[in-house]
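First up is the structure itself, then whatever we jot down about it.
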Amino acid sequence: MSKSRAELINQCLTNLGVIAQGQSISPEETSKMDGIVDPAVAQLADLDIYYVQDAGSLGPSDGAIEDSAFLPLAAYIANEACAAFNLPADAKMQALAQIAEQKLRTLAAPARTRRTLQIDPALRRRFWPRIVNGNFTW
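100 is the number of the first residue of the sequence shown in the working numbering; add one for each residue after it.
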């Protein structure tokens, strides 16, 4: 099941530490983070890291973000939003963003095209021939 844009914004704010467990999110924080989601998603697409098919629209409404990309995407966007929330870009956030970027690259990578060639069992030899007195025997 996919996640919505509102869930992505909530997770980004949680990653930033702006909201604590049980607190409600203010509309100002939501709109500020909502304005950062689109540029961050566009940046990921332009850098050929990950393409989000449906990031939703401002509001926040709609959106269909894949479950596998949800947490790395939230970590990446939270790092990009540090300056907007007057938070220092600490080493932990940057490290989490780099890990998230690598995960998104892995998710966006095409499937392996070079597979191991399997031989049909009927074509396999069961015994190697032996040479006895210059003649091949089975």
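Glycine included, each C-beta is placed from N, C-alpha and C at the ideal position.
Only a predicted model underlies this, so the values are computations on that prediction, with no experimental measurement involved.
Rounded distance between the beta-carbons of residue j and residue i, thought under 8 Å
i, j, result
"alanine 154", "arginine 104", "6 Å"
"leucine 107", "glycine 162", "7 Å"
"leucine 186", "isoleucine 148", "Wrong, their Cβ atoms sit about 23 Å apart, outside the cutoff."
"isoleucine 118", "alanine 183", "Not quite, the Cβ-Cβ distance comes to about 15 Å (not below 8 Å), so this is no contact."
"leucine 195", "serine 167", "Going by Cβ atoms, the distance from leucine 195 to serine 167 rounds to 17 Å, so no, they are not a contact pair."
Below-9 Å beta-carbon distance, residue i vs any chain C residue
i, result
"glutamine 197", "The structure shown has no chain C; it contains just one protein chain."
Backbone secondary structure at residue i - three-state DSSP
i, result
"asparagine 232", "coil"
9 Å Cβ cutoff met for residue i and residue j
i, j, result
"cysteine 181", "alanine 188", "yes"
"isoleucine 164", "lysine 102", "yes"
Cβ contact check for the region 169–183 and the region 110–125: 3 or more pairs under 8 Å = Here the region 169–183 makes contact with the region 110–125; the two share three or more CB pairs at distances below 8 Å.
3-residue-minimum beta strand (DSSP E) runs that sit fully inside the region 116–201, ordered along the chain = If we require 3 residues or more, the region 116–201 turns out to have no beta strand (DSSP E) run fully inside it.
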